[in-house]
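Heads up: the sequence shown begins at 2 in our numbering, then just goes up one per residue.
For glycine and all other residues, C-beta sits at the position ideal for the given N, C-alpha and C.
Since the structure comes first, as structure tokens, the remarks are kept for the end.
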Amino acid sequence: MMKFIGLFLALNAYVWCLSAQEADTVVHEIKGVTVTDKKKGNFGHLRSLDEMKLTVGKKSEVINVAALTVNKSTNNTRQVYAKVTGLNIFENDGSGLQLSIGGRGLDPNRTANFNVRQNGYDISADALGYPESYYTPPSDALSRIELIKGAASLQFGTQFGGLLNFRMKQPGGEKKIAAELKQTIGSWGFLGSYNSVNGTIGKFSYFAYAHYKRGDGWRPNSRFESFNAYGDFHFQLNERHRIGLEITSLHYTAQQPGGLDDRMFAEDARQSNRERNWFRVKWNLLNLHWDAQLSSSIKWQTQVYALMAGRDALGYRPNRPSQPDNGGARDLLKGDFNTLGFESRLVKNYKLGAQPQHLLAGVRIYNGKSKSVQGNVNNPGDKDFTFHDPGSEVLNEYTLPNNNVALFAEQWFKLSDRWSITPGIRWEWIRTRAQGMYREVVRDLRDSIILDNRIAENRELPRSFFIAGLGLNYNCSDQADIYGNISQNYRSVTFSDIRTINPSFEIDKDISDERGWSADLGVRGKIKDLVRFDISMFHLYYGNRIGEYYYARPNGQVVRKRANIGASRVSGLESFVEVDVLDLFRTGDSSRFDIRWYNNLALTHSAYTESIIPNVKGSQVEYVPSLNWKTGLEWRYGQFKASTQMSYLSRQFADATNAKEGGYSGVNGLIPAFVLFDISLGMNWKRYLLEFSVNNVADAKYFTRRATGYPGPGIIPGEGRSFYLTLGVRL
2 MMKFIGLFLA LNAYVWCLSA QEADTVVHEI KGVTVTDKKK GNFGHLRSLD
52 EMKLTVGKKS EVINVAALTV NKSTNNTRQV YAKVTGLNIF ENDGSGLQLS
102 IGGRGLDPNR TANFNVRQNG YDISADALGY PESYYTPPSD ALSRIELIKG
152 AASLQFGTQF GGLLNFRMKQ PGGEKKIAAE LKQTIGSWGF LGSYNSVNGT
202 IGKFSYFAYA HYKRGDGWRP NSRFESFNAY GDFHFQLNER HRIGLEITSL
252 HYTAQQPGGL DDRMFAEDAR QSNRERNWFR VKWNLLNLHW DAQLSSSIKW
302 QTQVYALMAG RDALGYRPNR PSQPDNGGAR DLLKGDFNTL GFESRLVKNY
352 KLGAQPQHLL AGVRIYNGKS KSVQGNVNNP GDKDFTFHDP GSEVLNEYTL
402 PNNNVALFAE QWFKLSDRWS ITPGIRWEWI RTRAQGMYRE VVRDLRDSII
452 LDNRIAENRE LPRSFFIAGL GLNYNCSDQA DIYGNISQNY RSVTFSDIRT
502 INPSFEIDKD ISDERGWSAD LGVRGKIKDL VRFDISMFHL YYGNRIGEYY
552 YARPNGQVVR KRANIGASRV SGLESFVEVD VLDLFRTGDS SRFDIRWYNN
602 LALTHSAYTE SIIPNVKGSQ VEYVPSLNWK TGLEWRYGQF KASTQMSYLS
652 RQFADATNAK EGGYSGVNGL IPAFVLFDIS LGMNWKRYLL EFSVNNVADA
702 KYFTRRATGY PGPGIIPGEG RSFYLTLGVR L
């Protein structure tokens with residue numbers, strides 16, 4: 002930790018001296034003014050050079066969260082992300098504690114196929130070794146959500162899905178102290194409380210919030226309680242340099258009702274026979290950043306960030322969801338995650354001839370050290386996440402170090418007033434390790450132990466490689482442009498990919514990172530402030546896919562094996578159109594009454610093109626609906642706002658063999674098509690706020706996933722009709 006802080010301070014001392022030498026070239030910026038435009042809407046795309054991100058030629062999408070009229074109290078994903086094209090969403094519960102989104106043939110589970118960041122720094126458990134996100138900031142604290150699909154790999158590294166960045170509300174304001182208080186009540190005992198403060202005192206500015214929520218859940222055994230606190234503090238050293246400190250803390254405990262098989266779901270989707278399944282998360286983030294305008298042409302940012310977190314899962318999880326829990330041993334899986342990262346970016350603006358040019362370059366140094374312990378516990382406690390007798394209860398225990406160094410650069414060449422080309426390259430050095438032991442336990446018919454061996458394991462996977470990409474952009478006019486890109490992608494081998502859990506499970510010693518490429522070609526823009534659109538085609542090649550299959554050893558023993566099983570291709574059309582309906586027909590000054598209609602349609606084709614597993618080649622890729630459609634209306638009359646939304650997904654498959662029947666486990670099988678309706682209302686009066694939401698208005702019976710592990714295994718039902726009421730005040 003001290004080495005990274007020392008490097009941070011030394012580099013910034015050098016930059017301070019450099020900026021002092023160029024002080025005479027600094028452009029003094031006047032304070033800006035805020036312009037409110039109701040036609041701006043709540044959805045768009047990133048600017049070509051957006052802060053420290055170069056996005057020209059890329060498929061980018063931005064959700065203006067503060068302008069949404071949706072159920073923010075529970076982070077309702079299908080409403081918040083309604084206008085993002087092609088997203089597939091796992092709806093595990095109604096608490097909104099975990100975000101699970103995917104798309105283009107990528108597993109949505111805990112958003113593990115996106116590089117997930119908050120204000121530009123990593124917030125997942127381990128960005129390369131275990132890229133799962135257990136922390137999601139509350140929607141009320143967000144100013145916007147930024148997505149860059151596919152081509153984000155060059156600037157941000159993994160994953161195939163691209164970048165997902167939560168942009169928090171920023172410190173500052175005209176007052177020394179301002180406050181926002183929002184209280185929510187809802188179905189099944191839901192209670193939410195969001196309270197924030199922000200202000201400016203001289204050169205010091207701040208933003209902080211505390212967020213609490215609890216509820217009993219739609220199904221039995223679904224209780225949860227969460228507390229999240231955050232603080233962001235900025236100090237303006239002078240007109241060219243600013244430092245900032247961010248602190249995030251999240252603690253929550255949730256009861257998990259378990260999965261269902263197909264028969265149980267058909268009989269009663271709300272049933273649960275798992276009273277002793279629990280999940281606990283402790284997430285702590287720290288970020289120190291330095292932003293500098295070194296000269297009129299050079300902008301620089303560096304960050305040091307750390308994660309100190311833990312995740313504990315406890316439960317009775319047999320392969321048959323119908324099997325009742327009569328007490329006894331439960332699985333306990335404990336994970337501790339500690340990461341430290343350093344990332345520095347520089348943007349250089351210059352001219353070639355008459356055209357301005359832009360170079361973005363950076364370096365990333367990342368170190369993670371996680372620990373995983375798994376075993377069977379027979380403790381009497383309801384939520385007891387401890388091993389009372391580790392010697393007999395622990396089945397495997399691993400330390401999982403992970404190291405990464407990356408260098409990256411992208412150049413925006415503006416060839417003319419209309420044409421731009423953006424080449425980029427990234428070099429990665431990664432070392433993934435697993436050091437620990439697993440127990441080989443054999444029992445007789447009386448469940449007595451007749452063999453108990455402790456087997457040590459030490460695996461290491463170092464590698465380095467380059468990936469590259471190219472973007473193109475053509476400005477048709479001031480209101481529309483054509484964009485396209487092609488970029489290589491990769492996904493690092495994770496801890497679970499190289500860690501052995503038991504002797505009936507084998508890992509291919511030659512297992513390697515998943516490699517592939519993605520391409521986009523689209524047109525986006527607006528027509529006279531009446532119509533906004535973004536229509537694109539994409540193609541994703543996913544090579545070296547990691548998966549599991551049954552394998553016969555030379556001695557005849559059949560085990561499950563994890564290896565690179567083959568490749569898949571996913572292609573499709575993603576289209577978003579938004580129309581100001583009344584403005585198409587009226588003239589003159591704008592009315593206080595507005596209606597906006599949007600249509601978000603994705604058509605996707607997917608197939609496995611290669612596989613070592615029988616009956617997989619030619620199959621549809623799991624969790625890829627052919628039709629993903631969301632459409633809705635947004636109304637505004639004065640201070641009153643309303644929105645309605647329809648969401649439709651065609652049928653999907655839960656496994657690569659495209660099995661239609663779930664069997665006794667409910668893990669594999671068909672996910673039927675479903676349609677959902679949501680309504681939200683909002684009203685502002687002076688400093689007061691009133692919001693009301695109804696989710697799943699028609700009380701549809703549906704599910705979005707078949708879980709192989711937690712929170713299942715089996716079918717995880719979606720929630721029925723629910724109501725939420727929010728009262729707020731700004732002081």
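With fewer than 16 other beta carbons inside 10 angstroms of its own, valine 676 counts as exposed. Counting along the chain, the unbroken alpha helix (DSSP H) around leucine 155 starts and ends at 154-157.
Assigned with DSSP and collapsed to three states, serine 188 falls in helix. Tryptophan 430 counts as exposed, since fewer than 16 other C-beta atoms from the protein chains shown sit within 10 angstroms of its C-beta.
DSSP places aspartate 127 in the strand class (E or B) of the three-state scheme.
Spatial neighbours of serine 488 in its own chain (CB-CB distance under 7 Å, excluding positions within 5 residues in sequence) are listed in chain order as Gly151, Ala152, Ser154, Leu155, Gly470, Trp518 and Ser519. In terms of CA proximity to phenylalanine 539, Thr605 leads the group Lys642, Thr605 and Gly173.
In the DSSP assignment, asparagine 601 forms a beta bridge with Phe577 and Lys631. For glutamine 80, the enclosing alpha helix (DSSP H) stretches over residues 78-81. Residue pairing of serine 694 in beta bridges, as defined by DSSP: Ser681 and Tyr725. Shown here for alanine 310: same chain residues with a beta carbon closer than 7 Å to its own, the five before and five after excluded, namely Ala126, Lys283, Trp284, Asn285 and Phe338 in chain order.
Per DSSP, glutamine 171 has no beta-bridge partner at all.
Separation of the CB atoms of phenylalanine 157 and leucine 148 is rounded to 11 Å, and the pair is thereby denied contact status at 8 Å. Judged by DSSP in its simplified three-state form, valine 57 adopts coil rather than helix or strand. For glycine 639, the number of other beta carbons within 10 angstroms of its own is below 16, and it is reported as exposed.
A distance of 8 Å or more separates the beta carbons of proline 172 and proline 221.
Asparagine 110 sits in a helix when the DSSP states are folded into three classes.
When Cβ pairs closer than 8 Å are counted between the two stretches, the stretch 688-702 is seen not to touch the stretch 661-673, the count staying below three. At least 8 Å separates the beta-carbon of valine 571 from that of glycine 103.
Here histidine 389 is exposed: its Cβ has fewer than 16 other Cβ atoms, across all protein chains shown, within 10 Å. A distance of 8 Å or more separates the beta carbons of isoleucine 422 and leucine 353.
The three-state reading of DSSP puts valine 730 in strand, counting E and B together.
Fully enclosed beta strand (DSSP E) runs of no fewer than 3 residues occupy 225-237 and 242-256 of the stretch 225-276, in order along the chain. Counting along the chain, glutamate 344 sits inside the beta strand (DSSP E) bounded by residues 331-353. As computed with DSSP, tryptophan 279 is found in a beta bridge with Gln256 and Leu315. Distance from serine 298 to lysine 349 at the Cβ level is roughly 6 Å; contact confirmed, criterion being Cβ atoms closer than 8 Å. The Cβ atoms of arginine 563 and aspartate 509 lie closer than 8 Å to each other.
Rounded to whole angstroms, the gap between the alpha carbons of tyrosine 543 and threonine 610 is 10 Å.
With a beta-carbon spacing of about 5 Å, tyrosine 550 and isoleucine 614 fall inside the 8 Å limit used to define contacts. Sequence-distant Cβ neighbours of proline 109 in its own chain, meaning closer than 7 Å and more than five residues away, are Asn89, Ile90, Phe91, Ser101, Ile102, Gly103 and Tyr624. Within a 10 Å sphere around the beta-carbon of valine 57 sit 16 or more other beta-carbons, which makes this residue buried. Cβ-Cβ distances below 6 Å link phenylalanine 496 to Gly130, Tyr131 and Leu401 in the same chain, with the five nearest sequence neighbours on each side left out; the list follows chain order.
DSSP, reduced to helix, strand and coil, places isoleucine 614 outside both helices and strands of the structure shown, so it counts as coil. Counting only residues of its own chain and dropping the five nearest sequence neighbours on each side, leucine 289 has a CB closer than 6 Å to the CB of Leu246 and Val305. Runs of the beta strand (DSSP E) lying entirely within the stretch 476-500, each at least 3 residues long, are 481-492 in chain order.
Beta-bridge annotation (DSSP): glutamine 412 is paired with Leu360.
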